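Chemist:
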Amino acid sequence: MPVEPVPTPSAPASAGPYSPAVRAGDWLALAGQVGIDPATGSLADGGVEAQTRQALANVAAVLGDCGATLADVAKTTVFLLDMGDFPVMNEVYADAFAGHRPARSTVAVAALPLGARVEVEVWAYMPR
11 MPVEPVPTPS
21 APASAGPYSP
31 AVRAGDWLAL
41 AGQVGIDPAT
51 GSLADGGVEA
61 QTRQALANVA
71 AVLGDCGATL
81 ADVAKTTVFL
91 LDMGDFPVMN
101 EVYADAFAGH
111 RPARSTVAVA
121 ALPLGARVEV
131 EVWAYMPR
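Numbers 11 to 138, taken from this note's numbering, label the letters of the sequence shown in order.
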């Protein structure tokens with residue numbers, strides 16, 4: 011099965027040599043999104059709450075570019091700079107997914123790109 015990059019005009023500019031989204035058969039794999047406001051290129055102001063909200067908005071926008079929605083997400087991985095931010099991230103995450111409960115892993119990391127406090131990556135199932 012070929013792996014094909016998907017055009018994602020709504021994604022913030024990539025910070026490296028990678029695609030924001032690729033299709034592999036019936037699956038979409040999205041690169042992790044941090045809370046960068048695509049309009050300004052800066053992290054959302056307001057700490058982990060605002061950054062989580064923006065990161066999930068970025069995920070939703072990239073999914074939209076691919077013809078998918080958050081309801082198509084089967085698996086997420088959330089990277090947190092500080093596990094003390096888990097309750098706030100979890101509340102924003104629950105609001106964004108609105109009752110949809112994909113499988114999820116949450117891990118603490120030493121650092122994230124651009125000084126972000128949270129990053130979210132997803133796998134979505136989207137049959138051709």
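All C-beta atoms in this analysis are idealised placements derived from N, C-alpha and C, irrespective of residue type, glycine included.
Predicted model, so just to flag it, every value in this text is computed and none were measured.
By Cβ distance below 8 angstroms, which residues in the same chain neighbour V13 in space, the five residues on each side in sequence not counted?
Modeler: Hits under 8 angstroms: V32, R33, A34.
Chemist: Would you mind stating whether G77 and M136 have Cβ atoms separated by less than 8 angstroms?
Modeler: Their beta carbons are under 8 angstroms apart, which means G77 touches M136 by this criterion.
Chemist: Taking the C-alpha atoms as reference points, what is the distance between V83 and F89?
Modeler: When rounded, the distance between both Cα atoms is 17 angstroms.
Chemist: Need the endpoints of the alpha helix (DSSP H) that L38 sits in, please.
Modeler: Unbroken run through L38 is the beta strand (DSSP E), 37-44; no alpha helix (DSSP H).
Chemist: So, is E101 buried or exposed, given that buried needs 16 or more other C-beta atoms within 10 angstroms?
Modeler: It is exposed - the Cβ of E101 has fewer than 16 other Cβ atoms within 10 Å.
Chemist: Would you give the residue range spanned by the alpha helix (DSSP H) that Y103 belongs to?
Modeler: Element bounds for Y103: 96-107.
Chemist: What are the boundary residues of the alpha helix (DSSP H) that includes L73?
Modeler: 57-75 is the span of the alpha helix (DSSP H), which, as asked, contains L73.
Chemist: Report buried or exposed for T50, applying the criterion of at least 16 other Cβ atoms within 10 angstroms of its Cβ.
Modeler: It counts as exposed.
Chemist: Here's the rule I'm using: 16 or more other beta-carbon atoms within 10 Å means buried, otherwise exposed. How should G42 be labelled?
Modeler: Buried.
Chemist: Rounded to whole angstroms, what's the CA-CA distance from W7 to W133? Just pull it up for me.
Modeler: The structure shown has nothing for residue 7, since the chain only spans 11 to 138.
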